[in-house]
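Here the structure is laid out as structure tokens; the discussion comes afterwards.
Numbering (our numbering), first residue to last: 9 to 332.
As structure tokens, then:
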């Protein structure tokens, strides 16, 4: 097979990261906090969340599997292109990855932020972190561009729908007539949400997935809020929705689909599988949580398409104007 030229020399999947062992939990949290003070009880509570899910996060492993899947798909398409992982708070750190690529003579890198919906927290900080890493590297750093968000990509929609159907089947159902369909995403401050398309994009994804599932109705809820208690964040919280579900709709079954996350990690495995599940059980609601996208073949195909090039034109690539 003839190898085709690519517009980039390498692809980097950019994500948050997580601890891979109990010994890494506190150093990981300290890196995330970067000296920002938090109440000790809150800090230890998050440590407990990680301990409750086995003392580690699968985030790094799943992200590497996503990268390996994209590399294999590119190779099958005749495009030999390095696909690396660069994380904000765990190894391989984004700066380490970019330094290695620079040392290999890489000049053009496409960054794919591992989030489908844009906000300062879910999108811009990752771009800014990668650009800052390039500034620290200096003149040998590669030039960066960033792929557009894939929140409405048909294959992403289909992957979420397949995950939701599998969860529905575990309830012994084949449609959503008697089962509530609840989509979740990370809550963010309302002020932050008002500055970008985060909510609009989430609603678009949810609506498309619900249509694919032929669900009569659905709801978008939020989860995993943090910050000051008096600061307004996006609502409703998924736990509140589950608690009120029998009275609000008469339903006692629910499928929760975490469309705001592209892989399973602590905010899915604890905040939904432990915390939200306990609330649902107390309310008499049978709850099934759909798996995140992880390395679903359709999601790998979405990432691969982004790596090959945006389908709607150059305007859909967020290019860095810095010569780094």
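Each residue gets a CB set at the ideal place from its N, CA and C atoms; glycine is no exception.
Keep in mind it's a predicted model, so treat the numbers as computed, not measured.
- Of the other Cβ atoms in all chains shown, fewer than 16 fall within 10 Å of the Cβ of residue 46; this residue is therefore exposed.
- Taking the Cβ atoms as the reference, residue 127 lies roughly 15 Å from residue 22, outside the contact range of under 8 Å.
- Counting of Cβ neighbours within 10 angstroms places residue 221 among the buried residues, the total reaching 16 or more.
- Using a Cβ-Cβ distance cut-off of 8 Å, the stretch 133–143 and the stretch 178–198 are not in contact, since fewer than three pairs of beta carbons, one from each stretch, lie closer than that value.
- Around residue 100, the same chain offers 93, 94 as residues with beta carbons nearer than 7 Å, after the five sequence neighbours per side are excluded.
- By the CB criterion at 8 Å, residue 144 and residue 16 fall outside the cutoff.
- With respect to the 8 Å criterion, residue 30 and residue 52 are not classified as neighbours on the basis of their beta carbons.
- Counting other Cβ atoms within 10 Å of its Cβ, residue 297 reaches 16 or more and is therefore classed as buried.
- Taking residue 300 as reference, the option from 314, 281, 287, 315 with the minimal CA-CA separation is 281.
- In this structure, residue 232 sits near residue 275, with a CB-CB distance shorter than 8 Å.
- Annotation: the continuous beta strand (DSSP E) that includes residue 294 extends over 294–297.
- When the alpha-carbon of residue 150 is set against those of 107, 241, 285, the nearest one is in 107.
- Taking C-beta separations shorter than 7 Å and ignoring five residues to either side along the sequence, the partners of residue 39 in its chain run 97, following chain order.
- Residue 250 is a Cβ neighbour of residue 284, given a cutoff of 8 Å.
- The residue among 18, 49, 313, 187 with its C-alpha nearest the C-alpha of residue 113 is 18.
- For residue 74, the uninterrupted alpha helix (DSSP H) segment begins and ends at 67–84.
- Cα atoms of residue 213 and residue 165: separation of roughly 7 Å, rounded to the nearest angstrom.
- Residue environment analysis places residue 48 among the exposed positions, since fewer than 16 neighbouring C-beta atoms fall within 10 angstroms of its C-beta.
- Runs of the alpha helix (DSSP H) lying entirely within the stretch 96–149, each at least 4 residues long, are 102–111, 133–145 in chain order.
- A residue is called buried once 16 or more other Cβ atoms fall within 10 Å of its Cβ, and residue 157 is buried on that count.
- Assignment of residue 154 by DSSP, reduced to helix, strand and coil, places it in the strand class.
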